[in-house]
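Protein chains in written order, with the working numbering: chain A, 9 to 283; chain B, 550 to 698; chain C, 363 to 699.
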Amino acid sequence: MGIQEQYRSEAAALLSSGEVKLVIGFGEGSTADRRRPLFARTPEEAQKFVLDAACIANLSTYLVTEGLLSDGKKVAVFLKPDGIRSVNILISEAQLKPDQVVILGYAIDKAEITALEGRNISDFSLGEEIRSHTPPPHILQEAERIEEMNPAERFEFWKAHFSKCIKCYACRQVCPMCYCRRCIVDVNQPQWVSTSSHTLGNFEWNIVRAFHLAGRCAACGACDRACPVNIPLRLVNYRMGKEVIDAFDYCAGENSSQKPVLASFKQDDPETFIL
Amino acid sequence: MSEPFEPKIVAFVCTYCTYAGADLAGTSRLKYAPNVRIVRLPCTGRISPMFILKALQKGADTVLVSGCHPGDCHFTAGNYHARRRWTVFRALLAFTGIPEERIRFSWVSAAEGAKFAEMINEITEQTRKLGPFTQYQELQKVIETQSTY
Amino acid sequence: MTRILLRNKLDDCIAAWQKAGFSVFAPVRQHEMSSFGEVQKASDMAFDLVLPERTIKDHFFPQTEPLIKYKIGKQQIDSETMTPPDRKRVFFGVRPCDASGLAIDDPLFGWDYKDDYWFRRRDNSVIVTIVCTEADDFCMCTSVKLSPESDKGADVMLRPLANGAGWQVEAVSERGTALLETIPSLLQENSEPTAPVPQVAEKFDLEKVMEWLASKENFESQFWKDISLRCVGCGSCTFLCPTCHCFDIQDEGDTYAGIRRKNWDSCSFSLFTMHTSGHNPRNTQSTRWRQRIMHKFNYYRGKFGVNSCSGCGRCTRQCPVDMGITETLQAISNLPR
Ligand code: SF4
Ligand code: SF4
Ligand code: SF4
Ligand code: SF4
């Protein structure tokens with residue numbers, strides 16, 4: 009039995025036994041190469057699930073939908089390791105209760121797709137895997153290219169990109185970690201981030217977004233894929249992830265009991281830049 | 550042609566240590582550069598990165614952030630948290646092209662009036678050498694002009 | 363016999379228009395994005411695109427636009443209106459759906475109050491449409507009763523020649539005729555055949571959709587909740603739509619001085635309808651998605667007699683969760699009746 013049939017029947021069983029109220033997975037998309045999130049509430053609907061190497065979205069975003077889990081019932085969700093990592097982060101930030109989430113895990117390696125053992129978040133230990141995981145070479149190369157620039161060149165690089173931003177907030181909406189009911193950009197007393205999408209306002213927004221995700225990003229790439237104007241958000245995320253590893257030996261989402269990096273400290277944290 | 554460049558420096562300081570240190574510099578009649586505008590906050594833990602960004606946007610040439618030495622925080626751990634935040638924020642600004650010299654961090658205690666005065670002088674001189682911070686100011690100018698099409 | 367413009371005359375053509383006082387805009391690729399941008403020569407243009415990612419709307423209704431500069435003094439308030447300059451522009455290589463988008467929005471910007479910011483730009487612009495030779499999976503102009511060769515919103519129509527050497531040229535408005543008068547020597551008589559227009563299949567039955575939407579009992583239908591479950595409420599589909607036109611007025615500045623701006627806004631955002639009291643009449647994504655569909659295929663036509671969609675398909679093409687107008691309208695036309 010392939011993984012798709014396996015998970016279809018498992019999802020159907022979870023629903024018919026009443027263990028979960030909803031299964032979030034993938035269904036066919038509008039074209040042959042697209043998959044779209046699919047929500048199944050009945051065993052019949054579960055038969056529509058598709059699971060293959062095109063299922064790259066991080067569905068954990070839907071777990072923090074307002075009100076979804078407030079009735080205490082369980083939800084099952086199809087997750088790749090980056091999605092499981094997000095769940096760890098969400099639990100460590102007290103946004104999810106571990107026992108409300110049933111994980112139907114899978115991993116994609118090129119065109120190969122395999123099922124992951126375990127159904128509860130505590131069954132997965134990601135530490136080793138995340139730490140030893142090197143980002144795709146194109147990200148490393150691009151990031152390196154930017155590091156080699158002088159500040160003025162770097163500024164020009166980002167200016168060209170940020171000037172395209174239309175403040176659609178797709179990057180925020182698809183991100184599982186952007187769960188704030190009132191994002192800082194939606195706050196208008198005081199208006200810290202201007203609502204206008206002129207280049208200066210876009211710098212503000214993109215810097216705030218990157219900073220709010222520093223040490224919290226699961227590197228799923230959802231924002232980068234969602235951005236309709238192709239701003240390389242992967243690069244800032246990667247740079248921030250590298251910073252917290254280098255400075256604090258911290259890797260977000262290794263487990264669900266770690267303390268958020270910017271809400272904790274060590275007395276001997278580095279401070280070479282402080283006079 | 551134009552007037553000589555006078556650096557504008559904005560300092561965000563905590564009230565318990567660095568502000569008191571600045572006060573001591575004043576009462577001890579130590580002379581330091583008049584280029585600094587001090588913004589007093591209860592704790593370095595209250596200094597949001599947004600403050601730094603806004604100051605740079607609104608025309609600061611250098612921003613200074615300063616508070617109690619580690620271990621001396623009036624609220625026990627505000628400065629430890631702040632330190633982590635600055636580490637990350639500094640890296641982020643550098644990555645997006647804001648030169649690191651434009652944002653300075655320090656610990657100045659209530660007893661260190663002399664350190665404060667010296668530091669302000671040094672930062673002022675350094676900023677004078679760097680020249681005005683124009684990157685954000687230019688973007689601000691663009692906003693204030695009407696559409697070109 | 364018709365007139366044609368050869369591709370190798372394009373550089374001269376741009377130069378002639380510039381000489382006549384026009385700035386020339388065309389699809390370009392820049393910084394990993396395709397959009398309309400100013401060009402100086404033919405090689406700046408990106409002709410291989412089915413559609414640029416960004417719409418032509420950006421150049422008539424920019425994402426953020428200063429309206430008024432104000433200063434509040436002790437005695438008086440000074441203000442200065444910041445209208446765009448009169449700049450003559452040619453938009454070359456516009457797709458029929460983008461051009462139609464402009465025509466669809468015209469009544470909106472002019473019905474009770476004539477929006478100077480929009481019309482100044484409209485009146486100074488000449489739209490040169492190129493008939494499509496290629497369509498992708500998302501194109502749906504025919505479904506909304508337009509077509510890959512529609513001249514709606516166009517001033518000049520270009521039909522690609524089958525041999526790829528140029529375009530058949532035809533002015534379809536006075537403005538278009540005037541534009542062609544600036545390049546008489548670059549046009550030649552010819553009877554080369556034109557390339558075939560792509561077949562774009564109709565994806566839904568628009569009449570059935572409109573009928574369903576018009577029926578009051580469907581407003582609270584469970585359909586809306588089910589179809590919009592996966593919508594994450596970003597504004598991509600509205601901001602990339604050539605006909606979406608909602609905006610917000612914001613004052614940027616401090617107590618004494620600032621600029622009043624007109625910024626894009628989107629019905630996908632929960633803040634769009636949020637009241638000061640905290641009450642939000644559209645407090646779920648399903649009510650917001652319903653608004654988008656209803657506005658486009660019911661309210662707008664009620665007021666202006668035309669649907670607010672030109673079928674470009676961008677909403678589906680760019681949606682991070684593969685939603686879009688097409689799927690929703692397909693589902694509506696397939697609903698049991
Ligand atoms: S998705 Fe892209 S365009 Fe939209 S707000 Fe984010 S960075 Fe800006
Ligand atoms: S339909 Fe897609 S693009 Fe539009 S708001 Fe929803 S998620 Fe965003
Ligand atoms: S609703 Fe979608 S298909 Fe219609 S004009 Fe807008 S973006 Fe294009
Ligand atoms: S669909 Fe929404 S954003 Fe677009 S014009 Fe209508 S109300 Fe405005």
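Quick reminder that beta carbons are idealized off the backbone N, C-alpha and C, glycines included. Quick caveat: nothing in here was measured; it's all calculated off a predicted structure.
Checklist line | Three-state secondary structure assigned by DSSP to A/Leu30 | finding: Mapped onto the first sequence, residue 30 of chain A falls at position 22. DSSP places A/Leu30 in the strand class (E or B) of the three-state scheme.
Note to self: So if I threshold CB-CB distances at 9 Å, which residues from the stretch 637 to 648 of chain B count as touching chain A?
What the structure shows: Taken in chain order, the members of the stretch 637 to 648 of chain B whose beta-carbon sits within less than 9 Å of a beta-carbon on chain A are Val637, Phe638, Arg639, Ala640, Leu641, Leu642, Ala643, Phe644, Thr645, Gly646, Ile647, Pro648.
Note to self: I'd like the list of long-range same chain contacts for C/Ala557, defined as Cβ closer than 7 Å, with 5 residues on each side in sequence excluded.
What the structure shows: In the third sequence, the residue the question calls residue 557 of chain C occupies position 195. Answer for C/Ala557: Thr495, Pro522, Leu523, Ala524, listed in chain order.
Note to self: I'd like to know if B/Val691 contacts chain A, where contact means its C-beta is closer than 8 Å to some C-beta of that chain.
What the structure shows: The residue labelled residue 691 of chain B in the question sits at position 142 within the second sequence. Yes, contact with chain A.
Margin query: Quick check on A/Tyr15 - is its C-beta less than 8 Å from some C-beta in chain C?
Written below: In the first sequence, counting from the first residue as 1, residue 15 of chain A sits at position 7. Taking 8 Å as the threshold, the shortest C-beta distance from A/Tyr15 to chain C does not fall below it.
Margin query: Across the stretch 195 to 203 of chain A and the stretch 148 to 168 of chain A, are there enough close Cβ pairs to call them in contact, namely three or more that are closer than 8 Å?
Written below: By the C-beta criterion, the stretch 195 to 203 of chain A is judged not to be in contact with the stretch 148 to 168 of chain A, since fewer than 3 inter-stretch pairs fall below 8 Å.
Checklist line | Cutoff 7 Å; reference C/Pro414; Cβ partners in own chain excluding five residues on either side | finding: Residue mapping note: residue 414 of chain C aligns to position 52 of the third sequence, counting from 1. Closer than 7 Å at the Cβ level, and outside the excluded window around C/Pro414, lie Pro389, Ser396, Ser397, Phe398.
Checklist line | Interface residues of chain C facing A/Pro45 [CB-CB closer than 7 Å] | finding: Within the first sequence, residue 45 of chain A is the residue found at index 37, counting from 1. Near A/Pro45 (Cβ distances below 7 Å), the residues of chain C are Arg592, Val683.
Check: Which one or two residues does DSSP pair with B/Ile587 in a beta bridge?
Finding: In the second sequence, counting from the first residue as 1, residue 587 of chain B sits at position 38. Per DSSP, B/Ala560.
Check: If you draw a straight line from the C-alpha of C/Leu591 to the C-alpha of A/Cys225, how long is it?
Finding: Sequence index remark: in the third sequence, residue 591 of chain C carries index 229 (1-based). Sequence index remark: in the first sequence, residue 225 of chain A carries index 217 (1-based). Between C/Leu591 and A/Cys225, the alpha-carbon positions lie close to 25 Å from each other.
Next item on the list: My understanding is that A/Ala62 touches A/Ala19, with C-beta atoms under 8 Å, so please give their C-beta distance in whole angstroms.
Entry: Your numbering for residue 62 of chain A matches position 54 in the first sequence. Your numbering for residue 19 of chain A matches position 11 in the first sequence. The pair is not a contact, with the Cβ atoms about 18 Å apart (cut-off 8 Å).
Next item on the list: Using the Cα positions of A/Ala115 and A/Ala123, report the straight-line distance between them to the nearest angstrom.
Entry: Taking the first residue of the first sequence as 1, we reach residue 115 of chain A at position 107. Taking the first residue of the first sequence as 1, we reach residue 123 of chain A at position 115. Taking the straight line from one Cα to the other gives about 6 Å.
Check: Going along the chain, which residues of its own chain have a beta-carbon closer than 6 Å to the beta-carbon of B/Trp656, five neighbours each way excluded?
Finding: Walking along the second sequence from the start, residue 656 of chain B turns up at place 107. Cβ neighbours of B/Trp656 within its own chain (closer than 6 Å, five residues either side excluded): His618.
Margin query: Runs of 4 residues minimum, wholly inside the stretch 439 to 522 of chain C: which ones carry the alpha helix (DSSP H) assignment?
Written below: As far as the stretch 439 to 522 of chain C is concerned, its whole alpha helix (DSSP H) runs of at least 4 residues are 458 to 472, 478 to 485.
Next item on the list: State the Cα-Cα distance for the pair C/Asp485 and C/Ser512, rounded to the nearest angstrom.
Entry: For this step, residue 485 of chain C is matched to residue 123 along the third sequence. For this step, residue 512 of chain C is matched to residue 150 along the third sequence. For C/Asp485 and C/Ser512, the distance between alpha carbons rounds to 21 Å.
Next item on the list: Please check the pair C/Phe387 and C/Val452, which I expect to be a contact at CB under 8 Å, by giving their CB distance rounded to whole angstroms.
Entry: Here residue 387 of chain C is taken as the residue at index 25 of the third sequence, counted from 1. Here residue 452 of chain C is taken as the residue at index 90 of the third sequence, counted from 1. Indeed, because the Cβ distance is near 7 Å, the residues count as touching under 8 Å.
Check: Looking at C/Thr635 and C/Arg623, is the spacing between their C-beta atoms short of 8 Å?
Finding: The residue you call residue 623 of chain C lines up with position 261 of the third sequence. The residue you call residue 635 of chain C lines up with position 273 of the third sequence. No, Cβ-Cβ distance for C/Arg623 and C/Thr635 is not below 8 Å.
Note to self: Tell me whether C/Met685, by its Cβ, gets closer than 7 Å to a heavy atom of ligand 2.
What the structure shows: What you label residue 685 of chain C is simply residue 323 of the third sequence in a count that begins at 1. Indeed, a heavy atom of ligand 2 lies less than 7 Å from the Cβ.
Next item on the list: Examine the Cβ distances between the stretch 204 to 213 of chain A and the stretch 249 to 261 of chain A and report whether three or more of them are shorter than 8 Å.
Entry: Not touching, per the Cβ criterion.
Next item on the list: Whole angstroms is fine: what's the gap from A/Phe132's alpha carbon to A/Arg93's?
Entry: Here the question's residue 132 of chain A lines up with position 124 in the first sequence. Here the question's residue 93 of chain A lines up with position 85 in the first sequence. Distance between A/Phe132 and A/Arg93, taken at the CA atoms: about 9 Å.
Notebook entry, point to check: Which whole-angstrom value describes the C-beta separation of B/Gly662 and B/Leu573, a residue pair presumed to lie in contact below a C-beta threshold of 8 Å?
Noted result: Position 113 of the second sequence, counting from 1, holds the residue named residue 662 of chain B. Position 24 of the second sequence, counting from 1, holds the residue named residue 573 of chain B. Correct: roughly 3 Å between the Cβ atoms.
Margin query: Counting only beta-carbon separations shorter than 8 Å, does C/Ile489 have a partner in chain B?
Written below: Numbered from its first residue, the third sequence carries residue 489 of chain C at position 127. In terms of beta-carbon proximity, C/Ile489 stays away from the interface with chain B, with every pair separated by 8 Å or more.
Next item on the list: Could you tell me if the beta carbon of A/Ile11 falls within a distance shorter than 7 Å of some heavy atom in ligand 1?
Entry: The residue you call residue 11 of chain A lines up with position 3 of the first sequence. No, ligand 1 has no heavy atom inside 7 Å of this Cβ.
Note to self: Is there a C-beta anywhere in chain C that falls below 8 Å from the one on A/Cys176?
What the structure shows: Along the first sequence, read from residue 1 onward, the residue named residue 176 of chain A stands at position 168. Taking Cβ atoms only, chain C reaches closer than 8 Å to A/Cys176, which makes this a yes.
Checklist line | Near-chain B residues of the stretch 217 to 236 of chain A - C-beta to any C-beta below 9 Å | finding: Flagged, chain order: Ala218, Phe219, Ala222, Gly223.
Note to self: I need the boundaries of the alpha helix (DSSP H) containing A/Ala20, first residue and last residue.
What the structure shows: The residue you call residue 20 of chain A lines up with position 12 of the first sequence. Segment 11 to 24, the alpha helix (DSSP H) holding A/Ala20.
Margin query: Please state the DSSP three-state secondary structure of C/Met395.
Written below: The residue you call residue 395 of chain C lines up with position 33 of the third sequence. Assigned with DSSP and collapsed to three states, C/Met395 falls in strand.
Note to self: Any heavy atom of ligand 1 closer than 7 Å to the beta-carbon of A/Val237?
What the structure shows: As a position in the first sequence, residue 237 of chain A is number 229, starting the count at 1. Remark: the shortest separation between the CB of A/Val237 and any heavy atom of ligand 1 falls under 7 Å.
Margin query: Comparing C-alpha positions only, which one of C/Glu427, C/Ile489, C/Ile366, C/Lys371 sits nearest to C/Asp613?
Written below: The count along the third sequence starts at 1 and reaches residue 613 of chain C at position 251. Closest option to C/Asp613, Cα to Cα, is C/Glu427.
Next item on the list: Check the Cβ of C/Ile621 against every Cβ in chain B and list those closer than 8 Å, keeping chain order.
Entry: Position 259 of the third sequence, counting from 1, holds the residue named residue 621 of chain C. Ordered by position in chain B, the residues that pass the 8 Å Cβ test against C/Ile621 are Ile692, Glu693.
Check: Terminal residues of the continuous alpha helix (DSSP H) containing A/Val95?
Finding: Indexing the first sequence from 1 puts residue 95 of chain A at position 87. First-last of the alpha helix (DSSP H) with A/Val95: 89 to 100.
Margin query: Can you list, in chain order, the residues of its chain with a C-beta nearer than 7 Å to that of C/Asn669? Leave out the 5 residues immediately preceding and following it.
Written below: Taking the third sequence and counting its residues from 1, the one referred to as residue 669 of chain C is at position 307. By the criterion of a C-beta distance shorter than 7 Å, C/Asn669 is surrounded in its chain by Val506, Lys658, Phe659, Tyr662, Arg663, once the five residues flanking it on both sides are discounted.
Note to self: Rounded to the nearest angstrom, what separates A/Cys186 and A/Tyr70 at their Cα positions?
What the structure shows: Position 178 of the first sequence, counted from the first residue, corresponds to residue 186 of chain A. Position 62 of the first sequence, counted from the first residue, corresponds to residue 70 of chain A. Roughly 11 Å separates the two Cα atoms.
Checklist line | Cβ-based burial, C/Asn370 [other Cβ within 10 Å; buried from 16] | finding: On the third sequence, position 8 is the one that residue 370 of chain C refers to. Using a 10 angstroms sphere on the CB of C/Asn370, the tally of other CB atoms stays under 16, which defines it as exposed.
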